[in-house]
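K.L.:
Number of protein chains: 2
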Amino acid sequence: MEKWTTLESEYLIRRPWLTARRDKLMMPNGHIHPEYYVLEYPTWVNVIAIDRQGRFIMVEQYRHGLDDIFTELVAGVAEDGEEPLAAARRELEEETGYTGGQWELNTVISANPGSQNNLSYCFIARDVEPNGRRHLDETEDLSVKLLERSEVLGLLTSDTMKQALMTASLWKFFYNEEKNRPTV
Amino acid sequence: MEKWTTLESEYLIRRPWLTARRDKLMMPNGHIHPEYYVLEYPTWVNVIAIDRQGRFIMVEQYRHGLDDIFTELVAGVAEDGEEPLAAARRELEEETGYTGGQWELNTVISANPGSQNNLSYCFIARDVEPNGRRHLDETEDLSVKLLERSEVLGLLTSDTMKQALMTASLWKFFYNEEKNRPTV
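Protein chains in written order, with the working numbering: chain A, 699 to 882; chain B, 699 to 882.
(1) If you run the structure through DSSP and keep just helix, strand and coil, what is A/Y796?
(2) Looking only at its own chain, which residues have a Cβ that is under 6 Å from the Cβ of A/R750, when we skip the five neighbours before and after it?
(3) Runs of 4 residues minimum, wholly inside the stretch 738 to 804 of chain B: which ones carry the alpha helix (DSSP H) assignment?
(4) In this structure, does DSSP put B/K722 in helix, strand or coil?
(5) Taking the beta strand (DSSP E) that B/T703 falls in, what are its first and last residues?
(6) Mapping DSSP to helix, strand and coil, what is B/S856?
(7) Taking the C-alpha atoms as reference points, what is the distance between B/I748 and B/E781?
(8) Can you check whether the C-beta of B/K860 is within less than 8 Å of a C-beta belonging to chain C?
(9) Within the same chain, show all residues whose beta-carbon is closer than 8 Å to that of B/L853, passing over the 5 residues directly before and after it, in chain order.
(10) Looking only at its own chain, which residues have a Cβ that is under 6 Å from the Cβ of B/A786, when we skip the five neighbours before and after it?
(11) For chain A, is any of its Cβ atoms less than 8 Å away from the one on B/L710?
(12) Ignore the nearest five residues each way along the sequence and tell me which others in B/V775's own chain have a CB closer than 8 Å to its CB.
(13) Using a Cβ-Cβ cut-off of 7 Å (strictly less than) and excluding sequence neighbours within five positions of A/S867, which residues of its own chain qualify?
(14) Inspect the beta-carbon positions of A/G799 and A/A823 and report whether they are closer than 8 Å.
(15) Using a Cβ cut-off of 8 Å, which residues of the stretch 842 to 873 of chain A contact any Cβ in chain B, in chain order?
(16) Excluding five sequence neighbours on each side, which residues of the same chain lie with their C-beta closer than 6 Å to the C-beta of A/S841?
(17) Using the three-state DSSP reduction, which class does A/L845 fall into: helix, strand or coil?
(18) Grouping DSSP H, G and I as helix and E and B as strand, with all else coil, what is B/A862?
(19) I'd like to check one pair, B/A809 with A/A773: are the Cβ atoms closer than 8 Å?
(20) On a Cα-Cα basis, can you pick out the residue from B/N727, B/D857, B/G752 that is closest to B/M699?
(21) Which stretch, first to last residue, makes up the beta strand (DSSP E) that contains A/E827?
(22) Let me know if A/E789 comes out buried or exposed under the rule of 16 or more other beta-carbons within 10 Å of its beta-carbon.
(23) Can you give the Cα-Cα distance for B/P880 and A/H762, rounded to whole angstroms?
What follows is the structure, encoded as structure tokens:
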């Protein structure tokens, strides 16, 4: 299996929330793809944040693509030069007012390796605590929800939570919990 | 939590592989998002296909967004009027030549509910069999790989497989296996 060759590349649109590129590609067999679209995005982050009582710190918000309201993990975009971990800590504090805790990287995945050029860093933060400094700006519209483990599993099992970058990280988290549970 | 209101909507591009829309949205607090981008796609499908020997039927292919070669689940796009299950069966046969088996829906998720309007139907197909009628067209470039369960888990654990719509479905599959394994 070989990589394909980019023959030409041009930007269709470069806006803060959408950068789209059209590439002309040649496959190893010589076939030409005259228009292959790539969406360029910065690094994305999300976090499975859990407090000392074992509650998951989630956010409810409107998602316009599916035109519905979802309960999701805290997520966001890394700023220029910002490390993924710093971005995830910042997003958690901004959106929920929770800070601190023990952080680890859970998985690094892509919403679509065919059409997107960025990666999503998915963290786990245990024993986070509220510090009361939540600061949304007027372009954000979300409410914080504390969910029990069984409620989060219910959102996953019922396909109520749909964001694959979040469900992938959560299913991996719960898989590892199950795998490590003591047998009788 | 309320939905946002679409005030205006216009298409930037409508091509077979990229349809992008710019909406002007009003939040419940009255704030206006002058340019909110939505990518419109048809229904997507993928399948965890397993033969009678317990081997996972996977495909290796180049993914231009990340400019790298990945081992992935069979996946594709539902055609106009095609049911997701029929699309997944067709894609499995076209890409690998495997057919038959017992099929079930594993999860229905979204690559990004904020910016995409479509859903991905993720199936499990057990006891699939090769029928020798693989038929790729010249725009496709992939090789079939049969992987053991431990190899698939290795691709997931190491973040070698990165496509979130696939890793979410696979982690759910392995979670349910772990959950249902008999305790000693």
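For every residue, glycine included, the Cβ atom is placed at its ideal position computed from N, Cα and C. This structure is a prediction, so every number in the text was calculated from the model and none was measured.
P.N.:
With the structure as the only source:
(1) Of the three classes helix, strand and coil, the one that applies to A/Y796 here is strand, per DSSP.
(2) The beta carbon of A/R750 is closer than 6 Å to those of D825 in its chain, skipping five residues each way along the sequence.
(3) DSSP runs (the alpha helix (DSSP H)) wholly in the stretch 738 to 804 of chain B: 782 to 794.
(4) Of the three classes helix, strand and coil, the one that applies to B/K722 here is strand, per DSSP.
(5) Per DSSP, B/T703 belongs to the beta strand (DSSP E) from 703 to 713.
(6) B/S856 carries a coil assignment under DSSP once its states are collapsed to helix, strand and coil.
(7) Near 21 Å, if we compare the C-alpha coordinates of B/E781 and B/I748.
(8) Here the protein chains are A and B, and chain C is not one of them.
(9) Excluding sequence neighbours, B/L853 sits near T769, L845, M859.
(10) Shown here for B/A786: same chain residues with a beta carbon closer than 6 Å to its own, the five before and five after excluded, namely V743, V745, F821 in chain order.
(11) True, the Cβ-Cβ gap to chain A drops below 8 Å.
(12) If we look at B/V775 and ignore the five residues flanking it on each side, its Cβ neighbours are Y739, P740, T741, W742, V743, A785.
(13) Excluding residues within five positions, the ones whose Cβ falls inside 7 Å are N744, I746, N804, T805, C820.
(14) Contact: yes.
(15) Taking 8 Å as the upper bound on Cβ-Cβ separation, chain B lies near residues L854, D857, K860, Q861, A862, L863, T865, A866, W869, K870, F872, Y873 of the stretch 842 to 873 of chain A.
(16) Sequence-distant Cβ neighbours of A/S841 in its own chain, meaning closer than 6 Å and more than five residues away, are E758.
(17) A/L845: strand per DSSP, three-state reduction.
(18) B/A862 falls in the helix class under three-state DSSP.
(19) Contact flag unset, no.
(20) Here the closest residue by C-alpha is B/N727.
(21) Under the DSSP assignment, A/E827 falls in the beta strand (DSSP E) whose first and last residues are 818 to 828.
(22) Sixteen is the threshold: when 16 or more other Cβ atoms of the shown chains lie within 10 Å of the Cβ of A/E789, as they do, the residue is buried.
(23) In a straight line, the C-alpha of B/P880 is about 43 Å away from that of A/H762.
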